[in-house]
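Trainee:
Numbering (our numbering), first residue to last: 548 to 700.
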């Protein structure tokens, strides 16, 4: 978890996040890694599913904090996903190609793609889960058509 915290801090500094949110981003990254680690070690979930759930927690936490502070959730989520990125799977896949083991390389690159999709779906699911607690405005008269079509109100 300390490495995930440090990686999230490094990515937040690299992405030029404001100083006041670097600690929250790092905590978010450590929470994501803790969720991933506990799911893979204690429940026996596969890495793709565990990554999706962990990314969902990162997205949920980032959205809730950003709503409280009145900013975008992008700064809280982007750097916090660093520990969950599929860098080692991409490396092993390209190494398999370089060593002439094309089938092993394709398997690892497919795994990396599945992990990347799990990240995207998990973050989006976490953000949508946070919308359950969001206040829905009440309109006097007829609501706007676009809002009704996309948000249901």
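In this text, a Cβ means the ideal position worked out from N, Cα and C, and glycines have one as well.
#1: Can you tell me the Cβ-Cβ gap for residue 643 and residue 651, rounded? I've got them flagged as a contact below 8 Å.
#2: If residue 562 and residue 626 are in contact, beta carbons under 8 Å, what's the gap, nearest whole angstrom?
#3: Classify residue 620 as helix, strand or coil using the three-state DSSP reduction.
#4: Spatial neighbours of residue 556 within its chain, please: CB distance less than 7 Å, with the 5 preceding and 5 following residues excluded, ordered by chain position.
#5: Is the CB-CB distance between residue 668 and residue 599 below 8 Å?
#6: Can you name the start and end residues of the alpha helix (DSSP H) that residue 653 belongs to?
#7: Are the region 652-666 and the region 581-591 touching by the rule of at least three beta carbon pairs closer than 8 Å?
Mentor: Here's the rundown:
#1: 4 Å
#2: 5 Å
#3: coil
#4: 569 and 573
#5: yes
#6: 649-677
#7: no
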